[in-house]
Every structure is written in C-alpha cells, then in structure tokens.
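Chemist:
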Amino acid sequence: MALMNCPECGKEISDQVNNCPHCGFPVNNKKDEGSNKKKKVIPVVIAAIVLLLILAAFFIYKFVYKGSFQISQGKDTIELGTDVDLIKYLEYSPEDIIDVTIVDDGGFDCNAAGDYQVLFNVKNKRGNIKQVQYDFHVTDTVPPELTVLKDTVYVAKGSSYQPESNAEAADADSCTVEVSGDYDLNAEGTYEIIFTAKDGSGNQSEKKSMTLIVENRDDCLFRNAKLGDSAEVIQRYETGELFTKQDEDNGESLIIYEDTVEGEDAYIYYQMNDKDQLCCITVIFMQPHTDYDIYINKFDSITEKLTLDYGEPKKEKGKGRLYGYCSSEGEALSIGEVKFRNLWSSDDVDIVLYLGSDNYEISFAMIYDSNTLDHPEGTGLN
1399 MALMNCPECG KEISDQVNNC PHCGFPVNNK KDEGSNKKKK VIPVVIAAIV
1449 LLLILAAFFI YKFVYKGSFQ ISQGKDTIEL GTDVDLIKYL EYSPEDIIDV
1499 TIVDDGGFDC NAAGDYQVLF NVKNKRGNIK QVQYDFHVTD TVPPELTVLK
1549 DTVYVAKGSS YQPESNAEAA DADSCTVEVS GDYDLNAEGT YEIIFTAKDG
1599 SGNQSEKKSM TLIVENRDDC LFRNAKLGDS AEVIQRYETG ELFTKQDEDN
1649 GESLIIYEDT VEGEDAYIYY QMNDKDQLCC ITVIFMQPHT DYDIYINKFD
1699 SITEKLTLDY GEPKKEKGKG RLYGYCSSEG EALSIGEVKF RNLWSSDDVD
1749 IVLYLGSDNY EISFAMIYDS NTLDHPEGTG LN
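Under this note's numbering, residues 1399 to 1780 are what the sequence shown spells out, in order.
1. Decide if D1628 is buried, meaning its Cβ has at least 16 other Cβ atoms within 10 Å, or exposed.
2. How many angstroms separate the CA atom of N1769 from the CA atom of D1746?
3. Along the alpha helix (DSSP H) that carries T1777, what are the first and last residues, could you check?
4. Three-state secondary structure (DSSP) at R1634?
5. Assuming I1666 and V1681 form a contact by the criterion Cβ under 8 Å, report the distance between their Cβ atoms to the nearest whole angstrom.
6. Is the beta carbon of S1572 closer than 8 Å to that of F1593?
7. Work out the CA separation of T1574 and S1651 for me, nearest whole Å.
8. Compare the beta carbon distance of Y1490 and V1516 with 8 Å and say whether it is the shorter of the two.
9. Does DSSP put F1593 in a helix, a strand or coil?
10. Could you tell me which residues DSSP pairs with D1497 in its beta bridges?
11. Give the straight-line distance between the Cα atoms of D1707 and S1743, rounded to the nearest whole angstrom.
12. According to DSSP, is D1756 helix, strand or coil?
13. On the CB-based measure, 16 or more other CB atoms within 10 Å of its CB, does I1679 come out buried or exposed?
14. For the 8 Å Cβ check, are there 3 or more pairs between the segment 1575-1584 and the segment 1507-1521?
15. Determine the direct distance from the alpha carbon of E1710 to that of Q1633, and round the result to whole angstroms.
16. Would you please state the rounded distance, in angstroms, between the beta carbons of A1567 and E1586? I believe it to be under 8 Å.
17. Rounded C-beta distance between R1615 and K1555? I'm assuming under 8 Å.
18. Span of the alpha helix (DSSP H) holding Y1665?
19. Using the Cα positions of E1646 and C1508, report the straight-line distance between them to the nearest angstrom.
20. Between which two residues does the beta strand (DSSP E) harbouring N1695 extend?
21. Do you know how far the Cα of I1469 is from the Cα of K1486?
22. Buried or exposed: which applies to E1410, given that a residue is buried once 16 or more other Cβ atoms fall within 10 Å of its Cβ?
23. For a quick check, are the C-beta atoms of S1466 and D1538 less than 8 Å apart?
24. In chain order, which continuous runs of the alpha helix (DSSP H) of length 4 or greater are located wholly inside the segment 1709-1736?
25. Is DSSP giving A1792 helix, strand or coil here?
26. Is DSSP giving S1563 helix, strand or coil here?
27. Based on Cα-Cα distance, which residue from L1625, G1408, M1764, V1551 lies nearest to H1773?
28. Are the beta-carbon atoms belonging to E1639 and E1656 less than 8 Å from one another?
29. Beta-carbon separation of G1512 and V1536 under 8 Å?
30. Using a Cβ-Cβ cutoff of less than 7 Å, which residues in the same chain neighbour N1564 once the five nearest sequence positions on both sides are dropped?
31. How big is the Cα-Cα spacing for D1497 and D1483?
32. What is the rounded straight-line gap between the Cα of A1595 and the Cα of K1605?
33. Roughly how many angstroms lie between the CA atoms of G1364 and I1760, to the nearest whole one?
34. Under a Cβ-count criterion, where at least 16 other Cβ atoms within 10 Å of its own Cβ denotes burial, should Q1675 be classed as buried or exposed?
35. So what's A1629 in DSSP terms, helix, strand or just coil?
36. May I have the straight-line CA-CA distance separating K1713 from G1776, to the nearest angstrom?
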C-alpha cells in the first residue's frame, strides 16, 4: 500500500481507497476507466487477428491450394488377351476427381505380354489437372485349352492321316499342338496318341489322348467303302466333308459327302437299305468346264482305270441327228448330240460311267450298284 494526495483537498490518503476519507472525493475512477479501456481493446484485437487468419486461409484456398488429387492404382497386372479399360484399374472418389483420361498409353497392348508405363490426366473438382503415371504388366499365366475332337479314329491301312487334325487348341497367345505316341498306318493295330498344347509363354495344357485304330480295307470297292458296309463304317472311313445324312423311318438312309474324285469336285452318295447295308454308290461330278472336251478326256481317263480293274466294258455311244454337223466331240456333247455310257457288269456289282448333257447342263456320273443286296424303292440301276 502507498500514500497519495487527494486531488480535491490535498491531504494524504491511501491509494487503495475509492473515496477521500477527509472530503469524500472519488479517487479511483480514472484507474478503472483505464482498465476498462484495456478490457475493451483486447477482444477487438483478437477479432482482428481471427479475421486476418480467415482471410489468409481463404486466399490460400482460392489462389494457392490446388485441391485433392487422391488417386491410386487398384490393380497393375492384366492377363494376356483380356480387353480392359485401364482407367477402371484406378481407385478414386468421384466427388473429388471428376475426370481421368489417358495421355499416353505407352503402346499398351492387351494381346502382347510385357510391361507398360501409362500416363494419365487427373482433373479434380476445382478444375485443376495433374499428370500421374502408373506401370501395368500384361502376363500370360493361363495354359491353352486343348480339345480332342474324337476319342477314337478309324483309319484304313495304307492311307494317310495326321493325328493333329483331331485336336484343336485355343489360347490368347500363339500355341502349338504336340503329338506323341508310336503308330504305323501301314500295320493293323490299335494305337494310343497323346496330345499336349503349349503357348508362346511356356504354359502347357493337360495331356489328352485318342485311340487310333488302323484296319485292313484293301478289298474296298470305292475309296474305303465296301458294298454291305453299315452307315457307321461308311462314316468311319470316309474322309470327305459330310454334306448331309438323310434317315428314313424304315431304316433306310442316304449319306452325301463333298470331295475330290479323280481330280474333279464331286458329290458322293452312299445309299443304305433298310438293313443298314450299303447297296449303291453314286458319284456326281460337279466341277464346271467351259471346254467340253475336258469332260470327254476325263471320261476316257476314268474308263481306262476301271478297265484295268474290271476288264473291258460294254460301251454305248448315242448320237443325235445333228452330231455330224459338230466340229468336235466336245461341241456335240455341249448341245446334247452325243452321250457316253460304259458298263462293267459282274454277279455282285454293276459299274456304270455316264456322260451326257441337256440344254448345256452336263450329267457326269459314276455308279456302283449291288446285284445281291436289297435296294430302297426307286434307287439303283434297275
């Protein structure tokens, strides 16, 4: 405590009293006023500082802060052959990131194994753009898919056959089918063939097998067919492309193939009777020629071959009334003025080779017809 003089009466008083004990004059009002002023200034200063901080934060957010670019790579490995959208392999919030585009795909190819660097443009909700780069890896870990078409294949002894034709392999990469197992197409027997498929990345399929049966078909009449064979046997050995198979309710059937016969495109008709026996074979030559002499030359060539096997045929040559006016046999054939028919006949089979035309439409056929087996009505030579 200290002493002070009263501002009113001048007497000494304590500086702690509010009023002079001598004259009653208030002596601490000025001190309180000064204190009150200080108390009022402090909140103003604090408010000003807070306002400045807010303004500074706004300025930084508005003109300095670029916004969120929170994005990551969800997956970096892709299986070979998988068609992908690389943007879908990135993870981000669509509320923060509004657009992602590929700037440079680095030559990315889902069909070629390898490592790729891909550059993206990332645009956030503030409209700012940032470039990010990620590595992607295309790998081949899936083995080829191997399919064996037939579990058992029958082959005539002495014929040509490639076991690879009975297997197919599919893979995103190039692949090959490897064949193992000993077999001899010139020796009757049953052989096991093993297939394995491998792709360019070294992936290998499971092993699969087929049974190859080589049988003696030396005494066949035409190709690998004998009269009396069942439909199953015909289809077992016929190497042409199956065109159609027509089955009747009474057991009869007609099996038609497309292939090349004597160097000519042809349809091959195998007629089965109601006992499922091959009773007639008809070959219809379909390959067109503008030079009709070619048909005659082919007719003569087939005649020579059949003659070697069955002897001289009975030959018939029909001529029209305008035949003598034609400059060549080919011209006569083209207008239907000459027809050829050769017949080889035995107790078991009749063989007919026929060539003619009608309105410039060629009819060129070879027929093997059984003389001992039943025929469906309306079929055969008789």
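By construction, the Cβ of each residue, glycine as well, lies at the ideal position given by its N, Cα and C atoms.
Modeler: If we stick to the structure as given:
1. According to the sequence as given, residue 1628 is Ser; it is not Asp. Exposed is the call here.
2. 5 Å
3. Unbroken run through T1777: none, as it is neither H nor E.
4. helix
5. 6 Å
6. For F1593 and S1572, no; Cβs fall outside 8 Å.
7. Taking the straight line from one Cα to the other gives about 39 Å.
8. no
9. strand
10. K1521
11. Computed Cα separation, rounded: 12 Å.
12. strand
13. buried
14. Touching, no, given that fewer than three Cβ pairs across the two stretches are closer than 8 Å.
15. 32 Å
16. The distance from the Cβ of A1567 to that of E1586 is about 30 Å, inconsistent with a contact at the 8 Å cut-off.
17. 7 Å
18. That residue, Y1665, is in no alpha helix (DSSP H); its beta strand (DSSP E) goes 1662-1670.
19. 52 Å
20. Per DSSP, N1695 belongs to no beta strand (DSSP E); it is in the alpha helix (DSSP H), 1691-1708.
21. 12 Å
22. exposed
23. no
24. 1727-1732
25. Missing from the structure shown is residue 1792; the chain here goes from 1399 to 1780 and no further.
26. helix
27. L1625
28. yes
29. yes
30. V1546, L1547, K1548, V1551, M1608
31. 14 Å
32. 8 Å
33. The structure shown does not extend to residue 1364, since the chain spans only 1399 to 1780, so no value can be given for it.
34. buried
35. helix
36. Looking at the two C-alpha atoms, the distance is approximately 25 Å.
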